[in-house]
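Visitor: My questions all concern the structure below.
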Amino acid sequence: IILQCALGYYPYLPPEASAPGAALPPRSLERVIDAIEEGPPEALDTAAMPEGVRDFCRAALEPEQERRAHSYDLINHPWVAGFAGPPSTAAVAAFVAERRARG
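Numbering-wise, our numbering comes out as the position in the sequence shown, counting from 1, plus 127.
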């Protein structure tokens, strides 16, 4: 969800397929599963996204289970730890608003 908020669209489908009311492309579910298994989306490499968010998403989206961060690791990730407490709805909303303001 964090990655989707930062990008403004669902990262495993083309942006036009993520618009409200848009029809999903044929075989969308199979393509999403394939994309997830391949690793984090290319959009994660954008310099417009703060490094902490990119690092957190890479850790959470690692396709190899043995290398993927556990929930304990993610909740203690430096980006998350930068919040006063566990990420709240207000903190996520502030992040999304900041991201939208930057374009």
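C-beta atoms are modelled at their ideal positions from N, C-alpha and C, and glycine is treated no differently.
This one's a predicted model, so the numbers in the text were calculated from it and none came from an experiment.
(1) With a CB to CB cut of under 8 Å and the five nearest residues on each side skipped, what residues in its chain are close to L171?
(2) Mind checking whether A220 and F210 have CB atoms under 8 Å apart?
(3) Between R226 and A133, how many whole angstroms is the CB-CB distance? I'm expecting something under 8 Å.
(4) Could you tell me the alpha carbon to alpha carbon distance between Q192 and P205, rounded to whole angstroms?
(5) Can you give me the C-alpha to C-alpha distance between A228 and A175, rounded to a whole angstrom?
(6) Could you work out which residue in L140, A208, A149 is closest to D161 when comparing CA atoms only?
Guide: Reading from the atomic positions:
(1) Result list for L171: L130, P138, R181, C184, R185, L188, in chain order.
(2) Contact flag unset, no.
(3) With a Cβ gap of about 5 Å, R226 and A133 count as contacting.
(4) Taking the straight line from one Cα to the other gives about 21 Å.
(5) Cα to Cα, A228 sits roughly 12 Å from A175.
(6) Distances from the CA of D161 to each of L140, A208, A149 were compared; the closest alpha carbon is that of L140.
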